[in-house]
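Numbering follows full-length UniProt numbering, in which position 97 of the sequence shown is assigned residue number 97; successive positions increment by one, without gaps.
Built from N, CA and C at the ideal position, the CB exists for glycine as well.
Here the structure is a predicted model, which means the values were calculated and not measured.
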Amino acid sequence: MAVEIVPDWMSNLEDEDMVFIKNFLQASGSLKEIARQYGVTYPTVRLRLDKLIQKIKISEDTENDPYIALIKRLAVNDKLDFDTAKILINEYKKIKEAVQ
Numbered sequence: 001m002a003v004e005i006v007p008d009w010m011s012n013l014e015d016e017d018m019v020f021i022k023n024f025l026q027a028s029g030s031l032k033e034i035a036r037q038y039g040v041t042y043p044t045v046r047l048r049l050d051k052l053i054q055k056i057k058i059s060e061d062t063e064n065d066p067y068i069a070l071i072k073r074l075a076v077n078d079k080l081d082f083d084t085a086k087i088l089i090n091e092y093k094k095i096k097e098a099v100q
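Next comes the structure, spelled out in structure tokens:
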């Protein structure tokens, strides 16, 4: 794959996410091996993988409004708590509906 053709889901990931993916692939998808490499517990690695999956899903959801996608990305990256994210998204949808 050429560098110029990086999918959106990859361009929205942080460097440490890409390193995690590389290590995960090199470990043949073994979460136990990744936990050993990082010196953390299996549940910690599972949580990291789940957050990474959420990031990818958000990026691939082409039906999402860019603002909503931004809010979801901020929540997944722990820059915004999920309750606040829900409130912002719901209020934004109400305003959008009122304008239409």
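Query raised in the report: Which value, in whole angstroms, describes the spacing of the CA atoms of LEU47 and VAL40?
Result: As a working mapping, residue 47 is identified with position 47 in the sequence shown. As a working mapping, residue 40 is identified with position 40 in the sequence shown. Those two C-alpha atoms are separated by around 11 Å.
Query raised in the report: With a CB to CB cut of under 8 Å and the five nearest residues on each side skipped, what residues in its chain are close to ALA27?
Result: Here residue 27 refers to the residue found at position 27 when the sequence shown is read from its first residue. Closer than 8 Å at Cβ, skipping near neighbours: GLU33, ILE34 and GLN37.
Report task. Let me know if VAL45 comes out buried or exposed under the rule of 16 or more other beta-carbons within 10 Å of its beta-carbon. Result -> Numbered from 1 along the sequence shown, position 45 holds the residue referred to as residue 45. Burial call: buried.
Query raised in the report: Can the beta-carbon of ILE89 be found less than 8 Å from the beta-carbon of ILE68?
Result: Residue 89 sits at position 89 when you count from the first residue of the sequence shown. Residue 68 sits at position 68 when you count from the first residue of the sequence shown. Yes; because the gap between Cβ atoms is below 8 Å, this pair is in contact.
Query raised in the report: Using the beta-carbon count (16 or more within 10 Å), is VAL99 buried or exposed?
Result: In the sequence shown, counting from the first residue as 1, residue 99 sits at position 99. So VAL99 counts as exposed.
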